[in-house]
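Under our numbering, think of the first position of the sequence shown as 104, with each following residue one higher.
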Amino acid sequence: MSGHLIFIAHALSVFFMTGVIWMVQILVYPGFAQVEESEFIQFHEEHSRKITWIVGPMMILQLATAWQLYFTNFRFSLIYLILSVLVFAATAFLSVPQHNILKNGFAEDAWQRLVHTNWVRTNLWTLHSMLVFYHLQII
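Here's what the structure looks like:
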């Protein structure tokens with residue numbers, strides 16, 4: 104696959120995930136606090152299962168295409184790879200631990216940390232989208 108096609112796939116995954124993360128940040132995570140305590144475990148389990156099918160493939164596509172772009176010496180590819188790795192790291196080390204706490208029931212402190220630390224991913228994906236959009240303008 105040519106570098107330009109890989110870049111288009113990368114751009115689509117980044118734009119998609121930027122939209123998803125803003126929806127999660129503004130709507131989904133704040134909404135966790137509105138779920139009845141007696142229903143929260145089931146709600147969180149269902150959320151986690153369903154969101155994985157939405158974000159998992161796109162996050163993998165983003166990382167895989169960033170990796171491929173890096174090895175084709177595509178313009179800005181190192182930045183794209185770094186941003187993609189940082190998003191995976193933020194997910195693994197900031198979000199997943201809070202979700203692991205919340206899967207046992209709503210915990211105010213874990214929920215607040217989740218909402219607060221999710222700004223890291225929101226900002227990374229937003230920056231990534233801005234850079235990809237800029238790059239689309241110059242190719």
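We put the beta carbon where it would ideally sit given N, CA and C, even for glycine. What you are looking at is a predicted structure, and each value in this text was computed from that prediction instead of being measured.
Starting from residue i and walking both ways along the alpha helix (DSSP H), at which residues does that stretch end?
| i | result |
| --- | --- |
| Thr220 | 211-241 |
| Ser198 | Looking at the DSSP string, Ser198 is not in any alpha helix (DSSP H), and its letter there is neither H nor E. |
| Val123 | 106-126 |
| Val85 | Given that the chain is displayed from residue 104 to residue 242, the structure contains no residue 85 and the question cannot be resolved. |
| Glu139 | Careful: Glu139 lies outside any alpha helix (DSSP H) and carries neither H nor E. |
Spatial neighbours of residue i within its chain, please: CB distance less than 7 Å, with the 5 preceding and 5 following residues excluded, ordered by chain position.
| i | result |
| --- | --- |
| Ala210 | Ile204 |
| Ala136 | Trp214 |
| Gly134 | none |
| Leu164 | Ala112, Ser116 |
| Val218 | Tyr132, Pro133 |
Give me, in chain order, the residues of the same chain whose beta-carbon lies closer than 6 Å to that of residue i; leave out the 5 immediate sequence neighbours on both sides.
| i | result |
| --- | --- |
| Ile144 | Gly208 |
| Leu184 | Ala169, Tyr173 |
| Ser180 | Leu172, Tyr173 |
Is residue i buried or exposed, if buried means 16 or more other CB atoms sit within 10 Å of its CB?
| i | result |
| --- | --- |
| Leu130 | exposed |
| Phe196 | exposed |
| Asn176 | exposed |
| Trp228 | buried |
| Arg224 | buried |
Could you name the residues of the same chain whose beta carbon sits closer than 8 Å to that of residue i, not counting the 5 residues immediately before and after it, in chain order?
| i | result |
| --- | --- |
| Phe191 | Met162, Leu166 |
| Glu140 | Gly208, Phe209 |
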